[in-house]
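Note sheet for the following structure.
Number of protein chains: 4
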Amino acid sequence: MDFKKNIPIYLQIIDRLKQDISLKILKPGEKLMSTRELSIKFKVNPNTVSRVYKELELENIVFTKRGMGTFVVEDETILKNLKKKMASDIITKFICDMKDLNISLEESINMLKKIEEDQWKI
Amino acid sequence: MDFKKNIPIYLQIIDRLKQDISLKILKPGEKLMSTRELSIKFKVNPNTVSRVYKELELENIVFTKRGMGTFVVEDETILKNLKKKMASDIITKFICDMKDLNISLEESINMLKKIEEDQWKI
Amino acid sequence: MDFKKNIPIYLQIIDRLKQDISLKILKPGEKLMSTRELSIKFKVNPNTVSRVYKELELENIVFTKRGMGTFVVEDETILKNLKKKMASDIITKFICDMKDLNISLEESINMLKKIEEDQWKI
Amino acid sequence: MDFKKNIPIYLQIIDRLKQDISLKILKPGEKLMSTRELSIKFKVNPNTVSRVYKELELENIVFTKRGMGTFVVEDETILKNLKKKMASDIITKFICDMKDLNISLEESINMLKKIEEDQWKI
DNA sequence: GTGGTCTAGACCACA
DNA sequence: GTGGTCTAGACCACT
Numbered sequence: 003m004d005f006k007k008n009i010p011i012y013l014q015i016i017d018r019l020k021q022d023i024s025l026k027i028l029k030p031g032e033k034l035m036s037t038r039e040l041s042i043k044f045k046v047n048p049n050t051v052s053r054v055y056k057e058l059e060l061e062n063i064v065f066t067k068r069g070m071g072t073f074v075v076e077d078e079t080i081l082k083n084l085k086k087k088m089a090s091d092i093i094t095k096f097i098c099d100m101k102d103l104n105i106s107l108e109e110s111i112n113m114l115k116k117i118e119e120d121q122w123k124i
Numbered sequence: 003m004d005f006k007k008n009i010p011i012y013l014q015i016i017d018r019l020k021q022d023i024s025l026k027i028l029k030p031g032e033k034l035m036s037t038r039e040l041s042i043k044f045k046v047n048p049n050t051v052s053r054v055y056k057e058l059e060l061e062n063i064v065f066t067k068r069g070m071g072t073f074v075v076e077d078e079t080i081l082k083n084l085k086k087k088m089a090s091d092i093i094t095k096f097i098c099d100m101k102d103l104n105i106s107l108e109e110s111i112n113m114l115k116k117i118e119e120d121q122w123k124i
Numbered sequence: 003m004d005f006k007k008n009i010p011i012y013l014q015i016i017d018r019l020k021q022d023i024s025l026k027i028l029k030p031g032e033k034l035m036s037t038r039e040l041s042i043k044f045k046v047n048p049n050t051v052s053r054v055y056k057e058l059e060l061e062n063i064v065f066t067k068r069g070m071g072t073f074v075v076e077d078e079t080i081l082k083n084l085k086k087k088m089a090s091d092i093i094t095k096f097i098c099d100m101k102d103l104n105i106s107l108e109e110s111i112n113m114l115k116k117i118e119e120d121q122w123k124i
Numbered sequence: 003m004d005f006k007k008n009i010p011i012y013l014q015i016i017d018r019l020k021q022d023i024s025l026k027i028l029k030p031g032e033k034l035m036s037t038r039e040l041s042i043k044f045k046v047n048p049n050t051v052s053r054v055y056k057e058l059e060l061e062n063i064v065f066t067k068r069g070m071g072t073f074v075v076e077d078e079t080i081l082k083n084l085k086k087k088m089a090s091d092i093i094t095k096f097i098c099d100m101k102d103l104n105i106s107l108e109e110s111i112n113m114l115k116k117i118e119e120d121q122w123k124i
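Protein chains in written order, with the numbering used here: chain S, 3 to 124; chain R, 3 to 124; chain L, 3 to 124; chain U, 3 to 124.
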């Protein structure tokens with residue numbers, strides 16, 4: 003995993019884990035890698051991973067058992083909402099940004115369709 | 003104007019000015035407010051506005067005449083490209099973000115269409 | 003038994019056993035459950051229970067006969083003091099915490115009285 | 003300020019600041035010391051103070067202006083509730099702890115009254 | 001071995 | 001000068 007500059011590493015890792023969880027690459031109840039393992043995998047300081055786990059716990063996406071490790075929550079509802087919320091956030095932002103440029107939702111959709119068609123040609 | 007947390011104020015102002023320019027609220031050749039005026043209007047540190055103008059000048063969107071102030075460039079081509087580039091950036095980001103969530107462009111478009119229809123009902 | 007986060011499990015178990023002993027649910031001289039039994043009952047690591055027994059022994063509340071198990075001490079004086087000390091600790095902490103908030107002992111008592119009256123209404 | 007062992011320093015500082023705010027030693031809208039200043043005053047690492055400010059911000063007790071510093075919120079309601087909540091937390095804990103020892107609220111109050119009287123004698 | 005806390009000190013973006 | 005992020009590495013308590 004290579005990190006973008008400008009965006010804090012810990013946020014990028016959070017996003018990555020959220021994706022893995024919402025795509026069920028990490029399943030409900032499954033144990034995450036320990037802070038140390040993950041810090042080695044991502045070539046990052048353990049503290050940074052610590053922070054990631056703490057924030058994910060605040061969002062009720064993972065929980066920790068003392069001395070046992072960190073686990074994905076088992077409540078499926080939360081996990082379903084996670085993906086929904088992430089998608090809805092992206093869409094809302096997109097619509098707002100386009101509105102700011104005075105581009106209506108209709109036009110935006112047309113532009114996307116055009117890109118879709120172009121993909122086939124390649 | 004109220005600023006979002008997490009995003010640097012100077013970036014938000016840059017975006018705002020770019021919008022105004024691309025929507026021709028600020029016309030080619032028109033003089034921008036002085037750094038002082040703008041800093042008062044936005045209740046922001048004058049240094050922050052300075053930085054905004056500097057960055058816009060680097061992007062060839064405005065230029066400075068010493069002692070006269072800062073002006074929107076008159077080259078229409080640049081201004082047209084400005085809007086195009088901004089829109090294209092937003093769209094690219096949107097498509098990537100959705101892909102990361104394993105949502106195809108087709109699905110994304112469908113979700114947007116659904117929102118469009120829902121707007122009519124309100 | 004469900005454990006609070008933030009407070010070490012072993013401390014919570016110690017407190018629980020102290021209560022049981024001071025309330026004579028566990029009587030002087032009575033045998034405690036084995037570490038294994040207790041660890042199963044509380045769904046906890048056996049080491050954790052071991053530690054609990056070790057600490058209680060240090061405080062002279064239980065004692066161990068090799069190969070026989072762990073027992074509540076028979077000295078009634080110790081057990082009486084146990085309850086007294088626990089109560090006094092709680093009270094001292096309460097008074098200090100309220101003082102820190104600039105709430106006098108008199109006011110604290112009034113607040114407690116108010117709660118007492120309210121209970122009757124329910 | 004001297005810190006208790008066993009309790010994380012950052013929690014002790016949080017508590018201290020909450021007290022100062024609820025007692026209006028730090029007034030609404032007032033600027034807190036910078037992370038560096040406070041870290042020197044408390045002989046503590048700047049990161050520790052950083053963490054304190056972050057948590058207080060999460061609880062909506064302070065807010066930060068980028069590059070300007072950290073300030074007590076100005077909303078009086080929040081600050082009033084702060085003191086209320088802190089007191090109520092302490093009282094609830096006290097009542098529960100005593101109940102666990104099989105000591106009724108009535109008895110608890112009597113014990114406190116006794117202590118109150120004893121104070122006069124000294 | 002697990003996460004939690006803390007120190008020391010660095011660099012950065014922001015105002 | 002302000003807070004935010006990150007690294008390096010330590011110690012601790014818990015399981």
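Glycine included, C-beta positions come from ideal geometry on N, C-alpha and C.
Between residue i and residue j, how many whole angstroms is the CB-CB distance? I'm expecting something under 8 angstroms.
{"i": "Ser-36/S", "j": "Gly-71/S", "result": "6 angstroms"}
{"i": "Lys-20/L", "j": "Leu-84/L", "result": "6 angstroms"}
To the nearest angstrom, how far is the alpha carbon of residue i from that of residue j?
{"i": "Pro-30/S", "j": "Arg-53/R", "result": "47 angstroms"}
{"i": "Asp-4/S", "j": "Lys-101/L", "result": "53 angstroms"}
{"i": "Thr-79/R", "j": "Asn-62/R", "result": "11 angstroms"}
{"i": "Lys-67/U", "j": "Ile-11/S", "result": "23 angstroms"}
{"i": "Arg-38/S", "j": "Asn-47/U", "result": "23 angstroms"}
{"i": "Gln-121/R", "j": "Asn-8/R", "result": "30 angstroms"}
{"i": "Thr-94/R", "j": "Leu-103/R", "result": "15 angstroms"}
{"i": "Lys-6/U", "j": "Ser-24/L", "result": "28 angstroms"}
{"i": "Lys-82/R", "j": "Val-75/R", "result": "12 angstroms"}
{"i": "Lys-45/R", "j": "Lys-26/R", "result": "24 angstroms"}
{"i": "Ile-15/R", "j": "Leu-114/R", "result": "28 angstroms"}
{"i": "Glu-118/L", "j": "Lys-123/U", "result": "28 angstroms"}
{"i": "Lys-56/L", "j": "Gly-69/S", "result": "20 angstroms"}
{"i": "Asn-49/S", "j": "Asp-77/L", "result": "50 angstroms"}
{"i": "Lys-116/U", "j": "Ile-105/U", "result": "15 angstroms"}
{"i": "Lys-43/U", "j": "Lys-43/L", "result": "48 angstroms"}
For residue i versus residue j, is the C-beta spacing smaller than 7 angstroms?
{"i": "Val-51/R", "j": "Leu-58/R", "result": "no"}
{"i": "Asp-22/L", "j": "Leu-28/L", "result": "yes"}
{"i": "Ile-92/R", "j": "Asp-17/S", "result": "no"}
{"i": "Phe-96/L", "j": "Lys-33/L", "result": "no"}
Query raised in the report: Would you call the region 70-88 of chain L and the region 99-116 of chain L touching, i.e. three or more CB-CB distances under 8 angstroms?
Result: no
Query raised in the report: Going along the chain, which unbroken runs of the alpha helix (DSSP H) with 4 or more residues stay wholly within the region 64-113 of chain U?
Result: DSSP runs (the alpha helix (DSSP H)) wholly in the region 64-113 of chain U: 78-102.
Query raised in the report: Considering only residues of the region 26-67 of chain U, which uninterrupted beta strand (DSSP E) runs meet the minimum length of 3 residues and lie entirely inside it, listed in chain order?
Result: For the region 26-67 of chain U, the full-length beta strand (DSSP E) segments reaching 3 residues or more read 64-67 along the chain.
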